[in-house]
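Reviewing the structure listed below.
Protein chains: 2
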Amino acid sequence: MSLTIGKLAKQSGVTIETIRYYQRKGLLVEPDKPLSGYRLYSQDAVSRIHFIKRAQKSGFTLKEVSELLSLDNGHCEDVRKMAEQKRDQVAHQIKDLSMLLHALNELVADCKSGSTVNQCALIDAFSGLK
Amino acid sequence: MSLTIGKLAKQSGVTIETIRYYQRKGLLVEPDKPLSGYRLYSQDAVSRIHFIKRAQKSGFTLKEVSELLSLDNGHCEDVRKMAEQKRDQVAHQIKDLSMLLHALNELVADCKSGSTVNQCALIDAFSGLK
DNA sequence: CTTGACTCTGTTCCATGGTACGGAGTTTAA
DNA sequence: TTAAACTCCGTACCATGGAACAGAGTCAAG
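This is the structure in structure tokens:
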């Protein structure tokens, strides 16, 4: 069953503009324009857009998603490496955020007891000096 | 010890342009221009830039970073409220990222185990096949 | 006291991830 | 058959986070 771009958009939960944007960026192929009528898309396009959206939610940029798509089958090693990199990145981010959370908690506690805020406590705690 | 903008840039690991951009955005104060000579920056500016960079890596936008920075000078009642809000936001962010980390770990593990529908478990996952 | 390195200021340009719009052409339902 | 709805195509616009550049002024070393 083929879809016009509007139906494709609705089925895949993005806007028409987004689909066109993905086409411009090479993440989606623009089907040939028939001699008369509108371009038609297959169900595969829906899957592909879902793929893109899922990968984005996992923190991949569109550029990275397009790499994933181009690697696709047969290059599981490369795909795994990208995922591992992402994972390490996210792990680091969590570590930093935990430090910040700690600093914010201390700031809140100090604020509750004292009357003036310890100048620069937050910056000191999070600027990498400790 | 005071620094010209070039030295500040080098010491804090950003470019001069970035410093100026932060000034335009209000994250950094532009020191007064002396009657003759160049503007001079203190060592504090280095920490402040490190703070900004760190916070960015933690997923904050510059706008949010500037909110964080504003916590550093102000009076307690306002600061505490903002700090609590930020703290909750950070806690939430950590939760989301932890889920993402978990997902990425599973993806990597599946990739290694070779339990796939197609040839790559990660691709399968993003394709919604599992 | 001149030359090269640095700074200042304003403005323009870039990528990312879209969104919006205008003026066509096409399709479909009444 | 005609009006509404949809598509096509190009282009412009948006926010974010900078990078680059031009033409001036300023500083420091030989």
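Chains as they are written, first to last, in my numbering: chain A, 16 to 145; chain B, 16 to 145. Where a beta carbon is used, it is the ideal one built from N, C-alpha and C, also for glycine.
**Message:** Determine whether the beta carbon atoms of Leu83(B) and Lys101(B) lie at a separation below 8 Å.
**Reply:** Taking the first residue of the second sequence as position 1, residue 83(B) is located at position 68. Taking the first residue of the second sequence as position 1, residue 101(B) is located at position 86. Their beta carbons are under 8 Å apart, which means Leu83(B) touches Lys101(B) by this criterion.
**Prompt:** Where Leu50(B) and Val29(B) are concerned, what is the direct C-alpha to C-alpha distance, given to the nearest angstrom?
**Reply:** Working through the second sequence from its first residue, we reach residue 50(B) at position 35. Working through the second sequence from its first residue, we reach residue 29(B) at position 14. Between Leu50(B) and Val29(B), the C-alpha separation is close to 27 Å.
**Prompt:** What are the boundary residues of the alpha helix (DSSP H) that includes Phe66(B)?
**Reply:** Residue numbering aside, residue 66(B) sits at position 51 when the second sequence is read from its first letter. Unbroken alpha helix (DSSP H) run through Phe66(B): 58-72.
**Prompt:** Touching or not, the segment 53-68 of chain B and the segment 17-32 of chain B, by the rule of three or more beta carbon pairs under 8 Å?
**Reply:** Enough Cβ pairs lie closer than 8 Å, so yes.
**Request:** Could you name the residues of the same chain whose beta carbon sits closer than 8 Å to that of Ser81(B), not counting the 5 residues immediately before and after it, in chain order?
**Result:** For the purposes of this step, residue 81(B) is taken as residue 66 along the second sequence, with counting starting at 1. Same-chain partners within the cutoff: Lys40, Gly41, Leu42.
**Asked** So which residues on chain B does Val94(A) lean against when the C-beta distance must stay under 8 Å?
**Response** Stepping through the first sequence from its first residue, residue 94(A) is reached at position 79. Cys126, Cys135, Leu137, Ile138, listed in chain order.
**Request:** Taking Ala98(B) as the reference, give the member of Glu45(B), Gln71(B), Leu18(B), Leu86(B) with the closest Cα.
**Result:** Translated into positions along the second sequence, residue 98(B) becomes position 83. For the residues Glu45(B), Gln71(B), Leu18(B), Leu86(B), the minimum Cα distance to Ala98(B) belongs to Leu86(B).
**Item:** Proximity to Gln104(A) [Cα-Cα], best of Asp103(B), Val105(B), Asn120(B)
**Value:** Taking the first residue of the first sequence as 1, we reach residue 104(A) at position 89. The shortest C-alpha separation from Gln104(A) is found at Asn120(B).
**Asked** Can you list, in chain order, the residues of its chain whose CB lies under 8 Å from that of Val44(B), leaving out five sequence neighbours each side?
**Response** As a first step, residue 44(B) is located in the second sequence; it is residue number 29 there, counting from the start. Once the five neighbours on either side are set aside, the close Cβ partners of Val44(B) are Gln38.
**Tyr56(B) classed as buried or exposed, judged by whether at least 16 other C-beta atoms fall within 10 angstroms** = Locating residue 56(B) in the second sequence gives position 41, where the first residue counts as 1. By the 10 Å Cβ count, Tyr56(B) comes out buried.
**Request:** Indicate whether at least one CB of chain B lies closer than 8 Å to the CB of Glu162(A).
**Result:** Given a span of 16 to 145 for chain A in the structure shown, any question on residue 162(A) remains unanswerable.
**Asked** Which of helix, strand or coil does DSSP assign to Leu18(A)?
**Response** Walking along the first sequence from the start, residue 18(A) turns up at place 3. DSSP places Leu18(A) in strand when its eight states are reduced to three.
**Gly129(B) to Ala136(B) span [Cα, whole Å]** = Numbered from its first residue, the second sequence carries residue 129(B) at position 114. Numbered from its first residue, the second sequence carries residue 136(B) at position 121. Going from the Cα of Gly129(B) to the Cα of Ala136(B) covers about 7 Å.
**Request:** Determine the DSSP secondary structure at Thr30(A), reduced to helix, strand or coil.
**Result:** Within the first sequence, the letter at position 15 stands for residue 30(A). Coil at Thr30(A), not helix or strand.
**Prompt:** Taking Cβ positions only, does Leu119(B) come closer than 8 Å to chain A?
**Reply:** By one-based count along the second sequence, residue 119(B) stands at place 104. It does; some Cβ of chain A falls within 8 Å.
**Beta-carbon proximity of Leu115(A) to Ser17(B), cut-off 8 Å** = Your numbering for residue 115(A) matches position 100 in the first sequence. Your numbering for residue 17(B) matches position 2 in the second sequence. Cβ distance not < 8 Å, so Leu115(A) and Ser17(B) don't count as in contact.
**Prompt:** Does the beta-carbon of Ala124(A) have 16 or more other beta-carbons within 10 angstroms, so that it is buried, or is it exposed?
**Reply:** As a working mapping, residue 124(A) is identified with position 109 in the first sequence. The residue is exposed, with fewer than 16 neighbouring Cβ atoms inside 10 Å.
**Request:** Please confirm if Ala219(A) has its CB atom under 8 Å from at least one CB of chain B.
**Result:** Because chain A is modelled from 16 through 145, residue 219(A) falls outside the range shown and cannot be assessed.
**Request:** Specify, as a first and last residue, the run of the alpha helix (DSSP H) that Phe141(B) falls within.
**Result:** Reading the second sequence from its first residue, position 126 is the one you call residue 141(B). Where Phe141(B) is concerned, the enclosing alpha helix (DSSP H) stretches over 136-142.
**Asked** From Leu144(A) to Phe66(B), what does the alpha carbon distance come to, in whole angstroms?
**Response** Looking up residue 144(A) in the first sequence gives position 129. Looking up residue 66(B) in the second sequence gives position 51. Unreliable positioning characterises Leu144(A) in this predicted model, as indicated by a pLDDT of 47, which lies under 50. The coordinate reading is nonetheless provided below. Roughly 10 Å separates the two Cα atoms.
**Prompt:** Quick one: what's got a C-beta closer than 8 Å to Val94(B)'s C-beta in the same chain, skipping five residues either side?
**Reply:** The residue you call residue 94(B) lines up with position 79 of the second sequence. Excluding sequence neighbours, Val94(B) sits near Leu86.
**Prompt:** Can you check whether the CB of Ile109(A) is closer than 8 Å to the CB of Leu112(B)?
**Reply:** Numbered from its first residue, the second sequence carries residue 112(B) at position 97. Numbered from its first residue, the first sequence carries residue 109(A) at position 94. In contact: Leu112(B) and Ile109(A) (Cβ atoms closer than 8 Å).
**chain A contact residues for Ile109(B), given Cβ-Cβ distances below 7 Å** = Within the second sequence, numbered from 1, the residue matching residue 109(B) stands at position 94. Those within 7 Å of Ile109(B) in chain A are Ile109, Leu112, Ser113, Leu116.
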